[in-house]
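Below you'll find the structure, written out as structure tokens, and then a few comments.
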Amino acid sequence: MSAPVLDIRGLSAVSDRDQAPILRRVSLTLARGETRGLVGESGAGKTTIGKAILGILPRAVRVTSGEILFQGRDLLAMPGGELRRLIGERIALIPQDPMTALNPGRRIEAQLTDGLRLVRGVSASAARARALKLLEEVRIREPERVLRAYPHELSGGMRQRVLIAAAFALEPTLIVADEPTTALDVTVQKQILRLLRNMQAAHGTAVIFVTHDLGVVAQVCDSVTLLFGGKMVEEGTVAEVMEAPKHDYTRALLDACPRSDQPELGLRPVPPELIARLRREVAAP
Amino acid sequence: MTDDLLVAENLEIVFGAGRGAFGRKRPGVKALRGVSVRVGRGETVGVVGESGSGKTTLGRALLRLVEPASGRIVFDGRDITRLGETQMRPLRRRMQLIFQDPMASLNPRHRILRIVTEPLLFHRVVADAADAERRARAIFDRFSLPVSCLARYPHELSGGQRQRVGIARAALLAPDFVLADEIVSGLDVSTQAQALNLLKELTRDLGLSMAFISHDLSVIRAICDRVYVLRHGVVVEEGRCEAVFAAPKHEYTRALLDAIPSPRLDPGWLQRDTAME
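From first to last, the protein sequence lines stand for chains A and B. Going by the numbering used here, the first residue of the first sequence is number 17, and it counts up by one from there. Going by the numbering used here, the first residue of the second sequence is number 58, and it counts up by one from there.
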């Protein structure tokens, strides 16, 4: 097996305000074409990891130790300019909210071709042709019309397709998808998940999939890391973690999911004693 | 007297109709096209549909917050379709609403105590502020909300706590009917389970009737007795939850069910076409 695309080693971060830990020695690796789910409840640190990879941590968060190796090079030690070029070219983001992620004042064409023209130096007409192809690839029916459209003229599902097309525009090695389908209807969510998975398979892209939905993890990820309070609680392949969870917390979260197939099984909140125990475990050095 | 607390018959709701510039007629957009629903006493009824299906409009119409173009709404045996605001006011206490986004529905500049006691004083359910506070403390205890929350502002609470405050505010008025519109979307699964269990308990203990609006069928399955499936302003399927989930009749219901990602591994799921594709 080749070297991992992404290798996070012992990543720790604290809040600058009160030095409270946000991430506690998180480690994970990601192979080419692999999808890893980062799951946990709010405050678990899953979004923070995504932001650390993209170099967009809020000013109030300070990394205290660890490395984020991308194709063998530490992103945290890279000079700013070089990092920004790399992130534009090789690492892309699919954001959560398709309503706010696109510039409302610019046509889709401009937003899809910026990267191609500015980073790759592709001519305007070649960039336009590539944008059309991308829109076809994400199965947008009238790509010509959508290129001319402004974001508000598109539905939520269409906007999310445009964002996926934009993420794949420069053929990145790694995509960070931050709750990419949380704002969508279930039927649209399924189409978007399938699309993302198929695009990823075709391009060999590795994906960090941040989500709080264990159902989505079970259906689209290869591996998963479960976090609590900034610390890894369990990790492994999806089959290992979802079918035979080792940690009580993983089992408890699965029990809390509503189950349409077996309603009597779901909806059991995580017991407060377990939360208290986890807090102690996480805080222990 | 029937067993139904709230009945809507043939509701039609049109937005934006009327005369536009130069007196031209504008047809408007039909949000509901002849929808009939009923909520029995003590019954929890689910309304499921995707964005644009009209589920939120239906909920608002049941509470007389939007005017129907035609149709009839009957609450506790009384036709309330055309009641004026003064006549509606005594009924408002009996029909409560729990909102989707507690951050938007709890006044950010008021402390929680004021937020939950103001409706009690407004509807003259209690004699004075001290009595209102006593009731608020009692219900916070029951909802496992720390009493210290009463002195805080909404932004100082967690999302789950804020949602429980929203439920407490409605429950304090001892209503007969509660409308819950997407109240658990966006919550963590454990917090969601807590809020749903709380609602279940409340409806059981107080004999409350509830209309529960959601886009998520698995949530509906967990707490509703019956369900209406809404699409483009029309009810496409209705029935008892067990029956609808075991054998959905309409292909749209099947599509909604097929699209729920289950936490159980199902390798073929992602590439399998749903009913409508």
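Backbone N, C-alpha and C fix where the C-beta goes; we use that ideal spot for every residue, glycine too.
Straight-line Cα distance separating residue j from residue i
i	j	result
leucine 287 (chain B)	arginine 284 (chain A)	28 Å
alanine 250 (chain B)	serine 276 (chain A)	14 Å
glycine 53 (chain A)	isoleucine 69 (chain A)	15 Å
glutamine 127 (chain A)	alanine 182 (chain A)	8 Å
glycine 172 (chain A)	glutamate 160 (chain A)	18 Å
arginine 89 (chain A)	alanine 165 (chain A)	39 Å
glutamine 235 (chain A)	glycine 80 (chain B)	54 Å
arginine 210 (chain A)	valine 182 (chain B)	53 Å
leucine 73 (chain A)	phenylalanine 269 (chain B)	38 Å
isoleucine 224 (chain A)	leucine 236 (chain B)	38 Å
threonine 248 (chain B)	glutamate 153 (chain A)	38 Å
isoleucine 156 (chain A)	arginine 177 (chain A)	8 Å
phenylalanine 197 (chain B)	isoleucine 224 (chain B)	10 Å
arginine 33 (chain A)	arginine 75 (chain A)	10 Å
alanine 60 (chain A)	leucine 62 (chain B)	43 Å
leucine 212 (chain A)	arginine 100 (chain A)	24 Å
serine 58 (chain A)	serine 31 (chain A)	16 Å
serine 43 (chain A)	leucine 27 (chain A)	6 Å
threonine 51 (chain A)	threonine 143 (chain B)	58 Å
arginine 40 (chain A)	alanine 252 (chain B)	30 Å
alanine 187 (chain B)	proline 211 (chain B)	21 Å
Under the three-state DSSP convention, the category residue i falls into
i	result
proline 324 (chain B)	coil
glutamate 107 (chain B)	coil
glutamine 153 (chain B)	strand
glycine 66 (chain A)	helix
arginine 129 (chain B)	strand
leucine 281 (chain A)	coil
valine 183 (chain B)	coil
alanine 304 (chain B)	coil
threonine 189 (chain A)	coil
serine 205 (chain B)	helix
aspartate 158 (chain B)	coil
proline 37 (chain A)	strand
alanine 218 (chain A)	helix
serine 138 (chain B)	Residue identity differs from the one stated: residue 138 (chain B) is threonine in this sequence, not serine. Note: threonine 138 (chain B) maps to coil in three-state DSSP.
glycine 80 (chain B)	helix
glycine 75 (chain B)	strand
valine 286 (chain B)	strand
phenylalanine 197 (chain B)	helix
threonine 174 (chain B)	helix
valine 222 (chain B)	helix
methionine 267 (chain B)	strand
aspartate 188 (chain B)	helix
valine 241 (chain B)	coil
threonine 116 (chain A)	coil
Alpha helix (DSSP H) segment containing residue i, residue limits
i	result
glutamate 213 (chain B)	Segment: none, glutamate 213 (chain B) is in no alpha helix (DSSP H) and carries neither H nor E.
asparagine 67 (chain B)	Where asparagine 67 (chain B) is concerned, there is no enclosing alpha helix (DSSP H), although the beta strand (DSSP E) it sits in stretches over 61–72.
alanine 234 (chain A)	230–236
aspartate 130 (chain A)	124–134
aspartate 201 (chain A)	Premise fails: aspartate 201 (chain A) is in no alpha helix (DSSP H) and is neither H nor E.
aspartate 271 (chain A)	264–272
serine 275 (chain B)	274–280
alanine 293 (chain A)	According to the sequence as given, residue 293 (chain A) is arginine; it is not alanine. Looking at the DSSP string, the run of the alpha helix (DSSP H) that includes arginine 293 (chain A) is 288–299.
threonine 113 (chain B)	112–119
Extent of the continuous beta strand (DSSP E) run through residue i
i	result
leucine 87 (chain B)	What sits at residue 87 (chain B) in the sequence shown is lysine, not leucine. 86–97 is the extent of the beta strand (DSSP E) around lysine 87 (chain B).
glycine 173 (chain A)	Taken as a continuous stretch (DSSP letters only), glycine 173 (chain A) belongs to no beta strand (DSSP E), being part of the alpha helix (DSSP H) at 172–184.
arginine 261 (chain B)	No beta strand (DSSP E) contains arginine 261 (chain B), which is instead part of the alpha helix (DSSP H) from 246–263.
isoleucine 24 (chain A)	22–31
lysine 247 (chain A)	247–253
aspartate 238 (chain B)	234–238
threonine 227 (chain A)	222–227
lysine 293 (chain B)	The sequence given here places valine at residue 293 (chain B); lysine does not occur at that position. 291–297 is the extent of the beta strand (DSSP E) around valine 293 (chain B).
valine 123 (chain B)	Looking at the DSSP string, valine 123 (chain B) is not in any beta strand (DSSP E), and its letter there is neither H nor E.
serine 319 (chain B)	Looking at the DSSP string, serine 319 (chain B) is not in any beta strand (DSSP E), and its letter there is neither H nor E.
serine 239 (chain A)	239–244
Contact test: residue i Cβ vs the ligand ZN heavy atom, cutoff 7 Å
i	result
aspartate 61 (chain B)	The model depicted lacks the ligand ZN and carries no ligand whatsoever.
The region 228–235 of chain B touching the region 165–181 of chain B, judged by at least three CB pairs closer than 8 Å:
Yes, the region 228–235 of chain B touches the region 165–181 of chain B.
Segment contact, 8 Å Cβ cut-off, at least three pairs: the region 129–143 of chain B with the region 292–310 of chain B:
no
With three or more beta-carbon pairs closer than 8 Å as the criterion, would you say the region 275–284 of chain B touches the region 71–82 of chain B?
They do not touch, by the three-pair rule.
Three-pair Cβ contact test at 8 Å for the region 23–34 of chain A versus the region 66–85 of chain A:
yes
Counting pairs of Cβ atoms below 8 Å between the region 243–261 of chain A and the region 206–222 of chain B, do you hit three or more?
no
Would you call the region 240–258 of chain B in contact with the region 107–125 of chain B, where contact means no fewer than 3 C-beta pairs closer than 8 Å?
Because the criterion of three Cβ pairs below 8 Å is not met, the region 240–258 of chain B and the region 107–125 of chain B do not touch.
Completely contained alpha helix (DSSP H) runs for the region 135–172 of chain A, where each covers 4 or more residues:
140–153, 159–164
Inside the region 44–113 of chain A only - beta strand (DSSP E) runs reaching at least 3 residues
Those beta strand (DSSP E) runs which fall completely within the region 44–113 of chain A and span 3+ residues are 51–55, 77–86, 107–110.
Cβ contact (3+ pairs, closer than 8 Å) linking the region 101–118 of chain A and the region 187–206 of chain A:
Touching, per the Cβ criterion.
Do the region 197–209 of chain A and the region 259–270 of chain A meet, that is, are 3 or more Cβ pairs less than 8 Å apart?
no
Are three or more beta carbon pairs between the region 142–158 of chain B and the region 80–94 of chain B nearer than 8 Å?
Counting C-beta pairs with one atom in each stretch, the region 142–158 of chain B and the region 80–94 of chain B have fewer than three that are closer than 8 Å, which means they do not touch.
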